[in-house]
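Taken in order, the sequence shown gives residues -5 to 234; the numbers are from the numbering used here. Notes for the one structure printed next.
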Amino acid sequence: MTYKPQLAPAFNLIELPSVGSTNDHAKQLARSGYPAFTTVWAHEQTAGKGRQGNVWTSVSGNLYMSILLRPAATAAQNGQLSFLAAVALAETVKEMMSKPAQIALKWPNDLLLNGKKAAGILLEAEEDWVVMGIGVNVAGAPDGAASLKDFGTEAEAGQVLEKLSARVKDLYDLWVKSGFAPIRSQWLHYAQNLGMTIQVRMPNETFSGKFLGIDDVGALEIETPDGAKRAVCSGEVFAG
Ligand code: BTN
């Protein structure tokens, strides 16, 4: 029998057997005035979306969820919520892992298990709402990616949803009260290649430098070999 998640009272869970994209569904609800913490959970997505126009493949047993948030914040501050989601993911997975694995966050917000992607986050926003979409490889993964099951975790998607939503709520309350600083330091704790030389690939430029951290809006802070500091808002990062 499928596990029935128990969510904190703030949440209103909408469970669907199948949907195009939980993000698209949650965006429709946002535009229809649904309240904060409305959460769409689908067992299958037929048009799952990744970042930068990528497809997010639907593998049976994995978690596909989107949480509607209505922060009283600027657009730049809202971008911090993807780092909040990444920390919530890392903490949830750490708690649920049965076998040891290196848990890392790759900028901007991929969750890696032993260097392989196991979860992703897609934030979409308009003026008065943010949809936090999260996909977790619970039971299986596309080629080259990892799942929780690879590390002995037999949990169902609903169990991951329950723990993850609780973490998101706790961190969201912390963010509202204390701002980005505590979230950023927790994110840096898990950051892959912090302090190392990394390669940054942007649409029109590729360069290398030392990964110093992330700034107030989550931009990557890099020190180039000539000692200059650069902040990168969008792109992909790679080792060395
Ligand atoms: C990425 O490219 O890493 C982001 C992947 C985000 C996937 C999740 S699955 C639930 C939600 N609905 C979507 O269509 N995408 C996000």
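Glycine residues also receive a C-beta, built at the ideal position from the N, C-alpha and C atoms.
Asked, Found
"Closer than 7 Å: R45 CB and nearest the ligand BTN heavy atom", "yes"
"Cut-off 8 Å between Cβ atoms - residues of its own chain near G203, not counting five sequence neighbours on either side", "T191, I192, V194, I216, E217, T218, P219, R224"
"First through last residue of the alpha helix (DSSP H) which encompasses N17", "16 to 25"
"Inter-residue CB distance, G221 and F205 (contact presumed, cutoff 8 Å)", "Going by Cβ atoms, the distance from G221 to F205 rounds to 15 Å, so no, they are not a contact pair."
"Residue nearest to G236 in terms of C-alpha spacing, selected from Y58, N198, L105, G152", "Nothing in the structure corresponds to residue 236, since the chain is present only between -5 and 234."
"Same chain, Cβ closer than 6 Å to T86, five either side skipped, listed in chain order", "K157, L158, R161"
"For A161, three-class secondary structure by DSSP", "Going by the sequence as given, residue 161 is Arg instead of Ala. In this structure, R161 counts as helix in the three-state DSSP scheme."
"Residues of its chain near S141, where Cβ-Cβ distance is below 7 Å and the 5 sequence neighbours each way are ignored", "A112, N131, V132, A133, G134, A135"
"7 Å Cβ shell around D104 - same chain, five flanking residues per side excluded", "K111, G114"
"Residues that DSSP places opposite W123 in a beta bridge", "E120"
"Own chain, CB closer than 7 Å to F145, minus 5 neighbours either side, in chain order", "M91, S92, K93, A95, L107"
"Residue(s) in a DSSP beta bridge with Q193", "S202, F232"
"DSSP-derived helix/strand/coil call for Q186", "coil"
"Distance, T200 Cα to L23 Cα", "39 Å"
"Extent of the continuous beta strand (DSSP E) to which K100 belongs", "97 to 100"
"Closer than 7 Å: W123 CB and nearest the ligand BTN heavy atom", "no"
"Alpha helix (DSSP H) segments (min. 4 residues) lying fully within the stretch 19 to 86", "69 to 72"
"Alpha-carbon to alpha-carbon, T40 and P3", "30 Å"
"Inter-residue spacing [alpha-carbon to alpha-carbon] between P(-1) and N56", "15 Å"
"Paired residues, beta bridge with L7 - DSSP", "T33"
"Which listed residue (Y58, V49, Q46) has its alpha carbon closest to that of H19", "Y58"
"Identity of the residue in H37, W35, T147, L75 nearest L168 by Cα", "L75"
"Cβ-Cβ separation, G42 to T51 (assumed contact under 8 Å), whole Å", "7 Å"
"Exposed unless 16 or more other CB atoms sit within 10 angstroms - verdict on Y184", "buried"
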